[in-house]
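> Handing you a structure now.
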Amino acid sequence: MWFYAIFLLVAFFVLTPLLLLVLGSFSTASLPTDFSLSTMGLINYVKVYSDPLTYELTVNTAIYVGGSVVVGIGLAFILAWLVDRTNVPWKILIYAGVPMVIAIPSMLQAMAWILMLSPRIGFFNTWLKALFGMESTPINIYSLGGMIFIEGLRLVPTAFLMLVPLMRSMDPALEEAAAVSGASPMSTTRKVTLRLLAPGLVAVTIYQAMTALELFEVPGILGLPSGIYVFSTKIYSIVHSATFPPPYGQANALAMVYLGIAVITTYLYSKMIARTERYTVITGKAYRPRLIDLGPWRWPAVSIVLIYLFVSVVLPFVVLLYASFIPYLQAPSMEAFNHMTLKNYRMVLEYDELGQALWNTGIMVLVTATATTFLSFFISMVVVRSRFWGRRLLDQLAFMPHAIPGMVMGLAFIWVFLKIDFIPLYGTIWSICIAFTISFISYGTRTMNASVIQIHKELEEAAYMSGARPWRTMVRIFFPLMMPAFAGVWIWVVLHAVRIAGTPLMLYEGSNNQVLAILIWNMWDWGQIGGVAAIGTMLIASLMLLTVGVRMLGFRRHLN
Amino acid sequence: MIRIENLHMRYRSEMGEVHAVRGININVKPGQFYTLLGPSGCGKTSTLRSVAGLETPDEGEISIGDDIVFSSSKKISIPPYKRDIGMVFQSYAIWPHMTVFSNVAFPLKEMGRKFSSAEIREKVLEVLSLVQLDGLEDRPAPFLSGGQQQRLALARALVKEPRVLLLDEPLSNLDAKLREETRLEVRELVNRLGITTLYVTHDQLEALTMSDVVAVMSQGEIIQEAPPHEIYQAPRERFVANFIGLANFLEGEVKAVPSNGQAFGEVRTPGGMIRCTLADGVGIGEKVVILIRPEDANLVDGTTATEGNILTASVDSVIFMGDTLECRVITGGQTLRVKLHPSSPLSRGDSVFLELPPNRCRAIRA
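Residue numbers (my numbering), protein chains in the order written: chain A, 1 to 560; chain B, 561 to 926.
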């Protein structure tokens, strides 16, 4: 029975990493895979919790997550309100431009800002210093503030895409009723509008907090050099610490807390979503809201949008583009423009590691996207269509990775691949494929579930009655009908797998399984800024083309 | 052609176990049009889907032709795609990603390399013209009207010339006027092809007009199985009489059973003694209900001498319905509906004589 095969496969790949993670956190053996009952103990937890740095870490994480969520949601709320409720001009630019931010990998975003705002080399810093004759450079991007700023900018597009439908689902008659009842505009906003939006707003906030908590790249690029750690970067640095063997057990113990926080937020999120849906039932009828006339404020309003797009898309891209053409790093000047060269491009294109990394990335992305798409489809077929006893459980198993931060997933899979050493997966590109596929099936199955439900059961039964065997029914009926969902999931996975650095960095062993994201990370580490800029420019350009292409093909909802 | 023996089906739901089908026996003869009629939840669709193989019964045996397709005791369960059945679904289940032609060609292509593409083309066009969809073969299936989709579903079910045709409420999604036309078309087509048909519906008119045999189902059991006119005229139970057509019921007690050569027995009702046909096995002293259809009762002038039962009654209400006048009369404290010609001069409170012809009255156990 293929039901059992799917069930066991998913159960194995979701539960084994978690089990090994838990066991490893109690193990005092030098390698967590060597654990036995005699080496079990609480020493890892004691070490982690007696360390005052752990508390500093928790506080840092809270400030970083809280700050970036406030910045991200605040900006996204303003943008969503402007396009949905006011007559702000150039709406199409906002709808098309804001999601473009997603096309810039967060690692490159952070690097571009370092080029602008690092205390030593930042262009703006040196200008400001010269302009005001200051003793030292005024802004330090290697700080919690810097992380909050950049991660805040990055949270905007997804929050925007979630807030627009939320606002749209609210019936303005409810606000008008309050106005007619004698409430002033201020108290209408406070007592009706915000109250109605509250559950949805809280859900979006929790979702964004999860994203910020999980993200590795921004705190990694900005925090590691200055020793400002959050959960994700601390786990990375423990595993990559100089001692041998690294204190893996402590990484596991720390990951358990991190995992706990993530699980709780996921739980809260699903609770809030259920509540939001209850509100939507009451107000979910179609209407066109009356637009607020901004009058002379239209132009200041649109300038907020333009500034956001400039700061989060144009500026980072232009800075990387500039850096990719100059022979050595210097602030833009006439002299710098005179020295423009293709040297960096020549260098990276002749660089053997790049060829290998591109090849690896290509294989990794194609295999991961295809595996995620098909695995999600088969899981959804069991969950939605079968009467298999474990279908509910399977659905929950497939959703579980959603709560597991990428770094924890990467760490957990290290133990899986070390433990099942009879299959030589550790250090190969396949290890990254497997870890990514398991991370992405939570998204894949949500999309596929919704899509399978929409295919009337009788369409399938009619094929059986026409004499088609089950696999023929899948090929002739399900595949063509579900093509949009297949393409949507596939492209979503490609866009994510190509730019996430966290999980691959945990599983990275050498040029054998080096992907593009790791290569960029390493080259940055070595100070190959020109090379990073050249690769980054090409990567962003192709991701933008892909994003635009996908939007033109009409898969918009799969992009956030 | 289709034989079902002692079929049982149970569902596990949140409300506990539902015994949906309770020991059904059916024997459909070759070429017969056999209808399962009943209210929703009576088990008719479960029975049909068991024949198709889309549901697995808990107990019983089903055979199509000489082949056993399901048997709980012999542990046989042939998958649906090997049963050689054509089926039309309630939703039509037209595949939206295919053209009209590919929808119909699908069953032929799934038969392996049995037909060349020229043969397939010929067969598809033939069956499309049979259902009057000629010239639409290249149209994408979603661009058909409801009635056309229904006919396309029929064409797809018939194209491989299956031994048996299953129809699951195929007309219920059509509007009233179209339904009437399609009813006749389907019946005529099936007659012409001589294909054995099992039909499921909750619409009594469909059952009466289309079928050779109707089986009325309730709560997982077959209550009565008979040709349409017998189902209408001689229902065996109150449920059947009530479900099919309009019926009046008069309560009473049997006073005399027919003896040597007499056709009718006698039943005493509060309104008077009534001579009527007694259902099999009803004896003296038993409580019965007398069934009489509204169109069979008459209001007569008291002086006319008739063979019939004449009761005195008073008019309770008169409703003008266009082609008929529906009159409610009260006799012996029981209300009856009577269908009259619309020109009848009656008004509320009139005293009238009610004639109930004995050969139209039928007493069944209460």
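Even for Gly, the Cβ is constructed at its ideal location relative to N, Cα and C.
Return no unless some Cβ of chain A is closer than 9 Å to the Cβ of I624/B.
In the second sequence, the residue the question calls residue 624/B occupies position 64. Not closer than 9 Å to any Cβ of chain A, the Cβ of I624/B fails to qualify, so no.
> Tell me which residues share the same chain as I870/B and place their Cβ nearer than 6 Å to its Cβ, disregarding the 5 neighbours each side in the sequence.
In the second sequence, counting from the first residue as 1, residue 870/B sits at position 310. For I870/B, where only same-chain residues beyond five positions count, the Cβ hits under 6 Å are F913, E915.
> So, helix, strand or coil for I307/A, using DSSP?
Sequence index remark: in the first sequence, residue 307/A carries index 307 (1-based). Helix.
> For chain B, check one thing: does any of its Cβ atoms lie closer than 9 Å to the Cβ of H456/A?
Reading the first sequence from its first residue, position 456 is the one you call residue 456/A. Yes - at least one Cβ of chain B is within 9 Å of the one on H456/A.
> When the distance is taken between beta carbons, is N140/A closer than 9 Å to S106/A?
Translated into positions along the first sequence, residue 106/A becomes position 106. Translated into positions along the first sequence, residue 140/A becomes position 140. Not closer than 9 Å, so no.
> Is it buried or exposed for Q396/A, if we count other Cβ within 10 angstroms and need 16 for buried?
What you label residue 396/A is simply residue 396 of the first sequence in a count that begins at 1. Looking at its Cβ environment, which holds fewer than 16 other Cβ atoms inside 10 Å, Q396/A is exposed.
> With DSSP as the reference, label G410/A as helix, strand or coil.
Taking the first residue of the first sequence as 1, we reach residue 410/A at position 410. If DSSP states are grouped into helix, strand and coil, G410/A belongs with the helices.
> Would you decide whether W90/A is buried or exposed? Buried here means 16 or more other CB atoms lie within 10 Å of its CB.
To locate residue 90/A, count along the first sequence from 1; it is residue 90. By the neighbour-count rule (16 or more Cβ atoms within 10 Å), W90/A is not buried but exposed.
> Considering just the uninterrupted stretch of the alpha helix (DSSP H) at V687/B, what are its terminal residues?
For the purposes of this step, residue 687/B is taken as residue 127 along the second sequence, with counting starting at 1. Per DSSP, V687/B belongs to the alpha helix (DSSP H) from 677–690.
> Give the single residue among G812/B, D694/B, R925/B whose Cα lies nearest to the Cα of T891/B.
The residue labelled residue 891/B in the question sits at position 331 within the second sequence. For the residues G812/B, D694/B, R925/B, the minimum Cα distance to T891/B belongs to G812/B.
> Flag this pair as yes or no: are the beta carbons of Y322/A and A533/A separated by less than 9 Å?
Position 322 of the first sequence, counting from 1, holds the residue named residue 322/A. Position 533 of the first sequence, counting from 1, holds the residue named residue 533/A. Cβ atoms of Y322/A and A533/A: closer than 9 Å.
> Within the continuous beta strand (DSSP E) that includes H568/B, where are the two ends?
As a working mapping, residue 568/B is identified with position 8 in the second sequence. Its beta strand (DSSP E) spans residues 562–573.
> Mind checking the segment 748–770 of chain B against chain A and listing, in chain order, the residues whose C-beta falls within less than 8 Å of any C-beta there?
Those residues of the segment 748–770 of chain B that come within reach of chain A (Cβ to Cβ, closer than 8 Å) do not exist; the list is empty.
> Please report whether the beta-carbon of Q709/B lies at a distance below 9 Å from any beta-carbon of chain A.
Counted from its first residue, the second sequence places residue 709/B at position 149. For Q709/B, the answer is no, since every Cβ of chain A falls outside 9 Å of its Cβ.
> Tell me whether the beta-carbon of I73/A lies closer than 9 Å to the beta-carbon of L201/A.
The count along the first sequence starts at 1 and reaches residue 73/A at position 73. The count along the first sequence starts at 1 and reaches residue 201/A at position 201. Contact flag set, yes.
> Taking 9 Å as the threshold (beta carbon to beta carbon), is G467/A in contact with chain B?
On the first sequence, position 467 is the one that residue 467/A refers to. Yes, contact with chain B.
> Quick one: Cα of A369/A to Cα of A487/A, how far?
By one-based count along the first sequence, residue 369/A stands at place 369. By one-based count along the first sequence, residue 487/A stands at place 487. If you take the alpha carbons of A369/A and A487/A, they lie about 10 Å apart.
> Tell me whether N919/B sits in a helix, a strand or coil according to DSSP, three-state version.
The residue given as residue 919/B occupies position 359 in the second sequence. Here N919/B sits in helix by DSSP.
> My understanding is that L108/A touches P316/A, with C-beta atoms under 8 Å, so please give their C-beta distance in whole angstroms.
Numbered from its first residue, the first sequence carries residue 108/A at position 108. Numbered from its first residue, the first sequence carries residue 316/A at position 316. Correct: roughly 7 Å between the Cβ atoms.
> Mapping the DSSP letters down to three states, classify Y142/A as helix, strand or coil.
Locating residue 142/A in the first sequence gives position 142, where the first residue counts as 1. Coil, per DSSP.
> Of all the CB atoms in chain A, is at least one closer than 9 Å to the CB of D627/B?
As a working mapping, residue 627/B is identified with position 67 in the second sequence. So no, D627/B is outside the interface.
> Within its chain, find whatever has a CB closer than 7 Å to the CB of P899/B; leave out the 5 residues flanking it on each side and keep chain order.
Start at 1 with the first residue of the second sequence, and residue 899/B comes out as number 339. The sequence shown places Lys at residue 899/B, not Pro. P854, E855, T884, E886, listed in sequence order.
> Counting along the chain, where does the alpha helix (DSSP H) carrying A580/B start and finish?
Locating residue 580/B in the second sequence gives position 20, counting from the first residue. A580/B -> not in any alpha helix (DSSP H); beta strand (DSSP E) instead, spanning 576–588.
> Can you tell me whether R716/B is buried or exposed? The criterion is at least 16 other CB atoms within 10 Å of its CB, across all chains shown.
Numbered from 1 along the second sequence, position 156 holds the residue referred to as residue 716/B. Its Cβ being crowded by 16 or more others within 10 Å, R716/B is buried.
> Could you tell me the alpha carbon to alpha carbon distance between N560/A and C433/A, rounded to whole angstroms?
On the first sequence, residue 560/A is found 560 positions in, with the first residue counted as 1. On the first sequence, residue 433/A is found 433 positions in, with the first residue counted as 1. Unreliable placement is indicated for N560/A, whose pLDDT of 38 sits below 50; the coordinate value is still reported in the next sentence. Whole-angstrom Cα-Cα distance: 22 Å.
> Between P818/B, G831/B, P830/B, which has its C-alpha nearest L838/B's C-alpha?
Here residue 838/B refers to the residue found at position 278 of the second sequence. The residue with the shortest Cα to Cα distance from L838/B is P818/B.
> Would you say D644/B faces chain A, with C-beta separation under 9 Å as the test?
Reading the second sequence from its first residue, position 84 is the one you call residue 644/B. For D644/B, the answer is yes, since a Cβ of chain A falls inside 9 Å of its Cβ.
> So, T447/A versus S376/A, is the Cβ gap smaller than 9 Å?
Sequence index remark: in the first sequence, residue 447/A carries index 447 (1-based). Sequence index remark: in the first sequence, residue 376/A carries index 376 (1-based). Going by C-beta atoms, T447/A is nearer than 9 Å to S376/A.
> Count the other CB atoms, across all protein chains shown, that sit within 10 Å of the CB of A112/A; report buried if there are 16 or more and exposed otherwise.
Residue numbering aside, residue 112/A sits at position 112 when the first sequence is read from its first letter. With 16 or more Cβ atoms within 10 Å of its Cβ, A112/A is classed as buried.
> Please tell me whether G97/A and V305/A are closer than 9 Å, where the distance is taken between their beta carbons.
Reading the first sequence from its first residue, position 97 is the one you call residue 97/A. Reading the first sequence from its first residue, position 305 is the one you call residue 305/A. Yes, these two residues count as a Cβ contact at 9 Å.
> Name, in chain order, the residues that DSSP records as bridge partners for E927/B.
Because chain B here runs from 561 to 926, residue 927/B falls outside it and cannot be looked at.
> From the DSSP output, which residues share a beta bridge with D735/B?
Working through the second sequence from its first residue, we reach residue 735/B at position 175. In DSSP, D735/B forms no bridge with anything.
> How about the segment 356–374 of chain A and the segment 494–502 of chain A: do they share at least three Cβ pairs that are nearer than 8 Å?
Yes, they touch.
> Specify, as a first and last residue, the run of the alpha helix (DSSP H) that L696/B falls within.
Here residue 696/B refers to the residue found at position 136 when the second sequence is read from its first residue. Segment: none, L696/B is in no alpha helix (DSSP H) and carries neither H nor E.
> Which residues bound the alpha helix (DSSP H) around D887/B?
Along the second sequence, read from residue 1 onward, the residue named residue 887/B stands at position 327. According to the sequence as given, residue 887/B is Cys; it is not Asp. No alpha helix (DSSP H) holds C887/B; the beta strand (DSSP E) holding it covers 885–891.
> Does DSSP put V281/A in a helix, in a strand, or in coil?
Position 281 of the first sequence, counting from 1, holds the residue named residue 281/A. For V281/A, the predicted model reports a pLDDT of 41, less than 50, meaning its position is unreliable and no value from the coordinates is stated.
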